[in-house]
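Numbering (my numbering), first residue to last: 285 to 701.
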């Protein structure tokens, strides 16, 4: 979604991501890009990929003006923004960069505000940008995902609604459910939502099941103690999977404390500043926006537009007041409980994102591939290993020491010694 540099639009987008349990966000022109490990932006800071779910950003493939390409959960996401002021040469440079980077990439999803028109995605007419974009991405085997007649650009007092936000994806990405949401965004662009891949896994383990599974603090793991606990436990009478699981869980409880933090804990929960007042104001903004376009005369549209701008102002101020109240509450709680929520939030700023880091070396940026590891292992095995020098244990003879001392010439330094 294009936030148009609005802080309230970015806040509402974060709230919508929490509610919808979104895993990845493609954000154009954000108010700011936080340095929390979840946001990856381009070189100009006008486009970003946000890993808002449980999966981290595995690899950054490209950062360039108007484009950032990153891997999340084995899928390559490309976020693009081509401002209307760009020349055709700048536009072609971005498309060439996309083709060069995504040529041999895994399943790909490309989305963004390209400011391009084409009848393929419901525009009134084709323009040169639209033809260039279609040719470049279809050359990569990507398929257009836009569907429906609902505009992605909602329009303003000067520009009419249009379709400038486009999504392409590889057939192997299994993109489905592409639609323009009706949620109010405080921006002149609408939210676009779609599903990548299948929600259910092959083994049938759902998100709810994963969240309820027990977890331990592995930093307290003691291998010798755990081995002793397993030897002391009697598994001979455990004949069912449930009984074996219960005894293994008991052994883990004796060695490690339980971890209270569960993966995806914040998913589905509102932002800390979200209040019923803000929710009501957001609904009123959506209602006022729909009434503006239903008015027949210019005078009626102007009147409803003024009412809409007033409600938008109240919504923005309500979000700011709520954030300020939460900050003051944290400051007041610091006196009574120095190691409470204020301490945890401050430590979170130093630690960075709570999202677990990527551990697979094959997908880490710059990580060695299996072929590279094979070459390194072969070279290591064939390397000549030199043995350490062996020193004689016997003491040097007295005559040898005297002979060495006689050879040393006396050297006197000038001046004061």
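Just so you know, even glycine gets a beta-carbon here, dropped at the ideal spot from N, CA and C.
Per DSSP, the unbroken beta strand (DSSP E) holding residue 310 starts and ends at 308-312. Within 10 angstroms of the beta-carbon of residue 386 lie 16 or more other beta-carbons, which makes it buried. Cβ contact annotation for residue 539 (same chain, cutoff 7 Å, sequence separation greater than five): 505, 506, 509, 510 and 513, in chain order. The C-alpha of residue 365 lies about 9 Å from the C-alpha of residue 286. A direct Cα-Cα distance of roughly 10 Å separates residue 498 from residue 537. Classified as buried, residue 557 has 16 or more neighbouring CB atoms from the shown chains inside 10 Å of its CB. Residue environment analysis places residue 298 among the buried positions, since at least 16 neighbouring C-beta atoms fall within 10 angstroms of its C-beta. Per DSSP, the beta-bridge partners of residue 476 are 464. Restricting attention to beta strand (DSSP E) runs no shorter than 3 residues, the region 528-576 encloses none. Within the same chain, and ignoring the five residues on either side of residue 529 in sequence, no residue has its Cβ closer than 7 Å to its Cβ. Inter-residue distance for residue 380 and residue 373 is about 10 Å (C-alpha atoms, whole angstroms). In this model, residue 609 and residue 534 are separated by some 44 Å (Cα to Cα). Judged by DSSP secondary structure, residue 325 falls within the beta strand (DSSP E) whose first and last residues are 323-325. Contact between residue 404 and residue 428 holds, with the beta-carbon distance rounding to 6 Å and staying under 8 Å. Annotated as distal: residue 310 and residue 344, with beta-carbon spacing of 8 Å or more.
Comparing alpha-carbon positions, the option among 455, 413 and 312 lying closest to residue 359 turns out to be 455.
Under the DSSP assignment, residue 414 falls in the alpha helix (DSSP H) whose first and last residues are 412-423. Counting along the chain, the unbroken alpha helix (DSSP H) around residue 589 starts and ends at 582-620. Closest in alpha carbon position to residue 570, among 330, 471, 413 and 601, is 471. If you look at residue 396, you'll find it in the beta strand (DSSP E) that goes 392-397.
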